[in-house]
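Visitor: Per our numbering, residue 1 is the first one in the sequence shown, and the count goes up by one each step.
Just so it is clear, CB atoms sit at the ideal spot from N, CA and C, and this is done for glycine as well.
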Amino acid sequence: MGYFNKNNPSVAVEAAVCRDSTLMAWFKLNQSDISARRYSYTEIPEHYVFNRTDDWEATSFEDLRTFDGVTCDSFKETTKRRDLVQDDSVWENTLTDAVALSMPYQFRQLFAYICVMGSPVDPVKLWVTFLDSFVEDFSKRHGDHSDDCQNCENLALREVQEIYILHGKKCQDFGLRNPPTNMLDSFHDLFIQRDEETEGERLMSTLNPEQKHAFDSVMAAVYTDSSPGNCFYLDGPSGSGKTHLYKTLLSVVRGKGDTVLPVASTGIAVTLLKGGRTYHSQFKLPIPLVETFTSNMRLISIDATLIKEAQLIIWDEATMAPCHALNTVDKLLKDIMGNQRPFGDKVVLLGGDFRQCLLVVPHDPLFSHWLIQLGNGELTNSFGLDRDVIEIPSNLLASDSIVTDIFGDKLTPSTVSTFSNRAILRPRNEDANAINKQVFPILEGEAHCYLSTDSVDCDDEQERNNYPVEFLNSLTPLEMPPHKLNFKGQQCFIPRIDLAPVDPDIPFVFRRRQFPVRLAFSMTINKSQGQTLDKVGIYLPTPVFSHGQLYVALSRTTSYANLKVCIVNSSQQGVGIPLHGALYNLGCLHLGAPF
């Protein structure tokens with residue numbers, strides 16, 4: 001506390017001159033007590049008491065700028081040398097490597113994703129440093145090779161902003177100037193209205209009567225007041241045309257110049273919808289999502305503005321979302337719209353199938369009928385075993401190698417695109433690496449290995465030392481790429497990013513800087529939901545463990561000729577082995593006659 005005595009000003013002045021701040025007192029302590037130097041400024045109160053009656057001796061501000069005997073020019077440089085803050089050297093190196101190998105548009109995309117996913121310290125500095133490379137194609141195209149091509153930079157910023165907008169960001173969020181108003185891309189500009197209108201008309205002409213009825217009902221809610229409600233649920237088995245209806249609605253609404261937001265429960269399902277995002281990304285929901293969590297979206301953000309402007313929200317595979325997600329989105333939309341009706345009175349189309357119904361294959365009625373029986377829980381066995389035990393036809397069983405059954409003996413660059421629509425599905429994540437390692441050697445080409453940088457996100461140095469780097473490298477938490485990534489094939493341009501997912505099995509915050517990709521010759525059954533694949537293998541080292549898993553796996557292809565199942569014998573499942581004792585729902589007994 002400072003005070004001034006008007007009757008004795010000289011005393012007040014002298015007291016002010018002699019008074020130490022806590023920072024200056026810390027300097028003095030460090031000089032008088034060598035043992036205190038092992039503590040940071042914030043740790044001093046844990047070991048010392050500041051007493052205004054004692055005299056502490058001084059060091060200097062210069063000591064704060066000194067590290068390992070070297071005095072830095074600035075405090076910022078010192079913090080970098082001490083690893084107290086991150087710098088952008090990794091992103092500078094990434095862009096330097098990419099500039100010689102990438103086309104300008106690829107280089108701009110790489111920069112945009114570094115900003116969105118990598119959280120660089122100074123995006124503006126990166127932009128200025130590599131500006132010539134960002135605008136190279138525009139400079140040549142417009143015949144302007146001057147050092148200050150303002151229009152070329154605007155065009156480059158416009159492309160970068162397209163990616164930002166898809167992630168709910170704008171250039172100004174990264175310190176970059178927004179393109180001029182007459183060039184500014186909005187969400188609408190990502191879709192050419194005339195093209196969408198034409199595509200919408202084409203798709204409308206292909207709707208069957210049931211799809212047309214659903215289409216008319218949703219459009220009536222969007223554009224008229226005659227609809228009795230604004231919330232719809234589209235039910236239909238896989239292959240019945242739900243995605244086709246979604247695409248029709250997207251094109252027709254966008255063709256009218258309006259906004260429609262498609263979301264889905266999985267990233268793979270999102271790829272089927274133009275402009276789609278996962279519901280976590282669109283509504284800023286945390287991962288993992290629990291009942292007490294709320295959306296992280298700011299009501300003045302670009303995402304909130306898009307939601308407010310949207311005429312329609314389409315949510316595919318909504319049956320995979322937990323009830324907490326729907327409740328949280330309901331509350332968010334009410335807040336954004338200032339309306340307490342369900343979903344803020346927005347027109348919302350939810351789609352999915354609680355039964356996880358199957359692909360109906362007109363040319364394979366036996367397979368279709370068998371799948372429907374499986375989905376309805378009507379399949380049994382002929383051995384008098386528990387009703388949860390079902391028979392899998394013998395002609396669906398894999399040979400000695402399910403990898404060979406699905407991918408053949410060799411994958412070449414000319415055939416890899418064909419095989420990209422094949423996959424081996426399994427119930428659990430743990431089996432993925434083993435299967436991918438089996439497939440990788442048959443892929444022709446030179447292998448490239450990329451290692452991650454792993455660390456423990458903790459301020460306590462002793463705590464960090466409890467987990468050596470070798471141990472961290474051995475971990476592969478859920479949904480995280482491995483420490484050692486092996487790839488073959490063509491070059492692409494993506495940045496390494498910091499990943500720190502919440503894993504309840506790890507007692508610390510684990511941070512890994514790695515390329516956000518994994519081999520996907522094999523994936524979980526849940527991850528495959530929403531896809532139709534040319535050929536599917538199902539690897540079951542253990543029985544499936546949740547409702548509808550086997551149902552989903554077997555229905556990812558359209559014919560039993562394109563399906564193979566590999567079973568590992570155990571007390572709960574097997575080929576030709578009678579089963580007794582505890583059984584999972586839809587545990588598999590793999591014997592029986594073929595179709």
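#1: Could you round the C-beta distance between phenylalanine 61 and valine 99 to whole angstroms and report it? I think they count as a contact, below 8 Å.
#2: Would you call proline 543 buried or exposed, if buried means 16 or more other Cβ atoms sit within 10 Å of its Cβ?
#3: Do you know offhand how far methionine 480's Cα is from threonine 243's?
#4: Any idea which residues DSSP pairs glycine 352 with across the strands?
#5: For cysteine 115, collect the residues of the same chain with a Cβ closer than 7 Å to its Cβ; drop the 5 residues on either side in sequence, then sort them by chain order.
#6: Going by beta-carbon coordinates alone, are glutamate 317 and threonine 266 separated by less than 9 Å?
#7: Among Asn486, Val416, Ile442, which has the Cα closest to the Cα of serine 452?
#8: Figure out for me which residue from Pro427, Tyr39, Leu349 has the closest Cα to the Cα of alanine 553.
#9: Under the rule that 16 or more other beta-carbon atoms within 10 Å means buried, what is isoleucine 567, buried or exposed?
#10: Decide yes or no for the touch test of the stretch 459 to 466 against the stretch 516 to 525: beta carbon pairs closer than 8 Å, at least 3 of them.
#11: Looking at arginine 194 and glycine 255, is the spacing between their C-beta atoms short of 9 Å?
#12: Compare the Cα-Cα distances from alanine 500 to each of Leu472, Val121, Asp335, Leu326 and report the closest residue.
#13: Going by other Cβ atoms of all chains shown within 10 Å of its Cβ, with 16 needed for buried, is isoleucine 165 buried or exposed?
#14: Under the DSSP definition of a beta bridge, which residues are partnered with phenylalanine 67?
#15: Specify the secondary structure class of glutamine 109 as computed by DSSP and reduced to three states.
#16: Please classify valine 135: does DSSP put it in a helix, a strand, or coil?
#17: Could you check where the alpha helix (DSSP H) with leucine 126 kicks off and where it finishes?
#18: Considering only their Cβ atoms, is the gap separating glutamate 197 from valine 252 smaller than 9 Å?
#19: From this set, Asp405, Gln150, Lys125, Leu563, which residue's C-alpha is nearest leucine 95's C-alpha?
#20: Which whole-angstrom value describes the C-beta separation of glutamate 536 and alanine 423, a residue pair presumed to lie in contact below a C-beta threshold of 8 Å?
#21: Out of Arg177, Ser474, Ser32, Ile435, state which residue places its alpha-carbon closest to the alpha-carbon of serine 522.
#22: Around the C-beta of isoleucine 336, are 16 or more other C-beta atoms found within 10 angstroms, so that it is buried, or is it exposed?
#23: Let's see if you can read the secondary structure: which residues bound the alpha helix (DSSP H) around lysine 308?
#24: Check whether the Cβ atoms of alanine 269 and glycine 548 sit closer than 9 Å, and answer yes or no.
#25: So what does DSSP say about phenylalanine 343, is it helix, strand or coil?
#26: Buried or exposed for proline 482, going by 16 or more other Cβ atoms inside 10 Å?
#27: Hey, lysine 488 and isoleucine 442 are a contact pair by Cβ (cut 8 Å); roughly how many whole angstroms apart?
#28: Measure how close the beta-carbons of alanine 250 and valine 263 come, nearest whole angstrom, since I'm counting them as under 8 Å.
#29: I'd like to check one pair, glycine 344 with glycine 338: are the Cβ atoms closer than 9 Å?
#30: Starting from leucine 203, follow the beta strand (DSSP E) in both directions and report where the run begins and ends.
#31: Using only CA atoms, which one of Ile314, Leu475, Tyr450, Gln490 lies nearest to leucine 234?
#32: Alpha carbon to alpha carbon, what distance is there between histidine 324 and glutamate 291?
#33: By the 10 Å Cβ neighbour count, where 16 or more other Cβ atoms means buried, how is proline 104 classified, buried or exposed?
#34: Using the rule of at least 16 other Cβ atoms within 10 Å of the residue's Cβ for burial, across every protein chain shown, is leucine 155 buried or exposed?
#35: Starting from asparagine 486 and walking both ways along the beta strand (DSSP E), at which residues does that stretch end?
#36: Would you decide whether isoleucine 34 is buried or exposed? Buried here means 16 or more other CB atoms lie within 10 Å of its CB.
Guide: So, to answer that:
#1: Not quite, the Cβ-Cβ distance comes to about 40 Å (not below 8 Å), so this is no contact.
#2: buried
#3: 29 Å
#4: Asp235
#5: Pro123, Phe174
#6: yes
#7: Asn486
#8: Pro427
#9: buried
#10: no
#11: yes
#12: Leu472
#13: buried
#14: Val70
#15: helix
#16: coil
#17: 123 to 129
#18: yes
#19: Lys125
#20: A small fix is needed here, since residue 536 is valine in this sequence, not glutamate. Valine 536 to alanine 423, Cβ: 6 Å. Contact.
#21: Ile435
#22: buried
#23: 302 to 309
#24: no
#25: helix
#26: buried
#27: The Cβ separation is near 11 Å, so there is no contact.
#28: Alanine is not the amino acid found at residue 250; the sequence shown has leucine there. The Cβ separation is near 12 Å, so there is no contact.
#29: yes
#30: Segment 193 to 204 is the alpha helix (DSSP H) holding leucine 203; no beta strand (DSSP E) there.
#31: Ile314
#32: 5 Å
#33: buried
#34: buried
#35: 484 to 487
#36: exposed
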